[in-house]
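Chemist: Dumping the structure here so I can ask a few things about it.
Residue numbers (my numbering): 287 to 627.
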C-alpha cells in the first residue's frame, strides 16, 4: 500500500517511528483528520469557539485539532516531498503521487487537480488502506499457521498455475479459485472493521417492526453478518472450502459485509481487494509459513487475541517463514522491496 501511494517506504517508516505501530497509527491519523475537519467547520460557523480556553466545556474537538494538526500535516507533506525529490533525481518508481505529478506538469492535460489534492489523495489512500490491509494480512498469517493444510492446498494450486520461475500476476487470478476462497474466508473470519462505518438515515424508516427516525445513526453489524449461523455452517471456524460447490464444499455465499453498504460503501474496495490478493498470492507462492520455535525446540502455537481497537488487529505473535525453494530464494533476491532514500 505504501509503495502504491508513495513508491518508497523509508519516509513513511520515519513517521511511524514517532508514533504507535502502523495500523493504529494510520487509524489515529484518519480519525484525527476527521476531527480536525469537524473542528474547522465548527469554528467557521461559531467563530468564538476558536478563542475559548482549553478548559471550557465543549472545546474537546478544537483542542484535539490543535494537538494533531501538525502531525496530520507532516503525514501529508513528508512522503509527498520525498517522491518529488526522487522525481527530480530521476529515481522515482511508478506510484500514485508520481503519476499525478507528471499529469499536473503536462501542459496538454485538462485537469483541475492541485498539489493539495494529490497530497490528500495519497495520504487518504495510505491511511485508509494500510490499517485494514495490515489487519487482513495478520489474520491470514495466523490462519496459515493454525491450518497448514489450507496453506498447502493453496500453494499446490499456485504451483500448478504459476510455477516457480515467476511471481503471480493479476492475469492468473481467474485460474486460482481456491486462493480466492482462502482470501474470502480471511475477510469473513475476522472482518477488518467488525462494526463497519456508521451511516445516517435520510428518512423515517421501519425495519422488522422497529421505527428508525430520520437522522438516526445506523451501525451495520458486519461481524454478525459474517458469523451468521443461518448462512455459514461452523461460522467461527476457518474453512475456505465452504465457498466451493458440492461435493468439494457447501457453496456458501461469498462475504461482502466487510466492504460496507449503500452510498458509503468503501470507495477503495477494488484497490484494496487487488492489493490483498497480490500480497497473499505472492507470499504463498514464495514462502512457507510455520509456527515459531522456542529456545527448547518446541513449537509455539500463537493465541488468537486482539488489541482493543475499532479495527480487528491481532496482538503481535511469533512465526517463521522460509523460501519454498532455491529458485524462489533467487527470485526474491531480485525483488526491490524498499528504496534507500
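No residue lacks a Cβ here, since even glycine has one placed at the ideal position from N, Cα and C.
For residue 607, count the other beta carbons within 10 Å of its own beta carbon; 16 or more makes it buried, fewer makes it exposed. Which is it?
Modeler: exposed
Chemist: Ordered along the chain, which non-local residues of its own chain (more than five positions away) have a Cβ less than 8 angstroms from that of residue 572?
Modeler: These residues qualify, in order along the chain: 453, 609, 610, 614, 617, 618.
Chemist: Give the list of continuous alpha helix (DSSP H) stretches no shorter than 4 residues that lie fully inside the region 438 to 480.
Modeler: 463 to 475
Chemist: Pair every Cβ in the region 476 to 488 with every Cβ in the region 502 to 515, then say whether three or more of these pairs are closer than 8 angstroms.
Modeler: Note that the region 476 to 488 touches the region 502 to 515; at least 3 beta-carbon pairs, one per stretch, sit closer than 8 angstroms.
Chemist: Can you name the start and end residues of the alpha helix (DSSP H) that residue 571 belongs to?
Modeler: 555 to 572
Chemist: Residue 475: which of 428, 381, 551 sits nearest, CA to CA?
Modeler: 428
Chemist: With a floor of 4 residues, list each alpha helix (DSSP H) that falls wholly inside the region 359 to 430, ordered by position along the chain.
Modeler: 382 to 390
Chemist: Give me the Cα-Cα distance between residue 504 and residue 545, rounded to the nearest whole angstrom.
Modeler: 16 angstroms
Chemist: Confirm, please, whether the CB-CB distance from residue 405 to residue 263 is below 9 angstroms.
Modeler: Residue coverage of the chain in this structure runs from 287 to 627, which leaves residue 263 outside it and unanswerable.
Chemist: Tell me whether residue 488 sits in a helix, a strand or coil according to DSSP, three-state version.
Modeler: In this structure, DSSP gives residue 488 a state outside helix and strand, which the three-state scheme calls coil.
Chemist: What did DSSP end up calling residue 518 once you bin it into helix, strand or coil?
Modeler: coil
Chemist: Measuring only the C-alpha atoms, how far is residue 317 from residue 385?
Modeler: Caution applies to residue 317, whose pLDDT of 43 falls short of 50 and renders its modelled position unreliable; the value that the coordinates give is listed next. C-alpha separation (whole angstroms): 27 angstroms.
Chemist: Give me the DSSP bridge partner(s) of residue 606.
Modeler: 576
Chemist: Look at residue 467 and residue 530 and say whether their C-beta atoms are less than 9 angstroms apart.
Modeler: yes
Chemist: If you follow the beta strand (DSSP E) that residue 497 is part of, which residue opens it and which one closes it?
Modeler: 496 to 498
Chemist: Is residue 435 helix, strand or coil by DSSP?
Modeler: helix
Chemist: Short of 6 angstroms in beta carbon distance, which residues of its chain neighbour residue 552, apart from the five on each side in sequence? Order them along the chain.
Modeler: The beta carbon of residue 552 sits closer than 6 angstroms to the beta carbons of 545, 546 from its chain, once the five residues preceding and following it are set aside; these are given in chain order.
Chemist: Could you tell me the boundaries of the alpha helix (DSSP H) in which residue 528 lies?
Modeler: From DSSP, residue 528 is part of no alpha helix (DSSP H); its letter is neither H nor E.
Chemist: Would you check if the distance between the CB atom of residue 387 and the CB atom of residue 590 is smaller than 9 angstroms?
Modeler: Using a Cβ distance threshold of 9 angstroms, residue 387 and residue 590 do not count as a contacting pair.
Chemist: Beta-carbon within less than 6 angstroms of residue 424's beta-carbon, same chain only, minus the 5 sequence neighbours each way: which residues are those?
Modeler: Here the set comprises 600.
Chemist: Using the rule of at least 16 other Cβ atoms within 10 Å of the residue's Cβ for burial, across every protein chain shown, is residue 472 buried or exposed?
Modeler: buried
Chemist: Quick check on this structure: which residue in 556, 526, 594, 383 has the alpha carbon closest to the alpha carbon of residue 434?
Modeler: 526
Chemist: Would you kindly report the start and end of the unbroken alpha helix (DSSP H) that includes residue 613?
Modeler: 612 to 619
Chemist: With residue 506 as the anchor, note down where its alpha helix (DSSP H) starts and where it stops.
Modeler: Per DSSP, residue 506 belongs to no alpha helix (DSSP H) and is neither H nor E.
Chemist: Is there at least one non-hydrogen atom of the ligand GTP closer than 8 angstroms to the beta-carbon of residue 494?
Modeler: Inclusion of the ligand GTP in the displayed structure is not the case, the ligand content being empty and no account of it being possible.
Chemist: Can you tell me whether residue 548 is buried or exposed, with buried defined as 16 or more other CB within 10 angstroms of its CB?
Modeler: That one is exposed.
Chemist: Go ahead and label residue 412 buried or exposed: buried means 16 or more other beta carbons lie within 10 angstroms of its beta carbon, across all protein chains shown.
Modeler: buried
Chemist: Report, in whole angstroms, the separation of the C-beta atoms of residue 415 and residue 554, which I expect to be a contact under 8 angstroms.
Modeler: Residue 415 to residue 554, Cβ: 6 angstroms. Contact.
Chemist: Could you tell me if residue 401 is buried or exposed, where buried requires 16 or more neighbouring beta carbons within 10 angstroms of its beta carbon?
Modeler: exposed
Chemist: Go through its chain and collect everything with a Cβ distance to residue 323's Cβ below 6 angstroms, but skip five positions before and after it.
Modeler: Only weak support is given to the placement of residue 323: the predicted model assigns it a pLDDT of 46, under 50, and the question is left unresolved by the model.
Chemist: In whole angstroms, what separates the C-alpha of residue 420 from that of residue 594?
Modeler: 15 angstroms
Chemist: Pick from 451, 407, 470: whose alpha carbon is nearest that of residue 620?
Modeler: With distances taken between CA atoms, residue 620 lies nearest to 451 out of 451, 407, 470.
Chemist: Is residue 528 buried or exposed, if buried means 16 or more other CB atoms sit within 10 Å of its CB?
Modeler: buried
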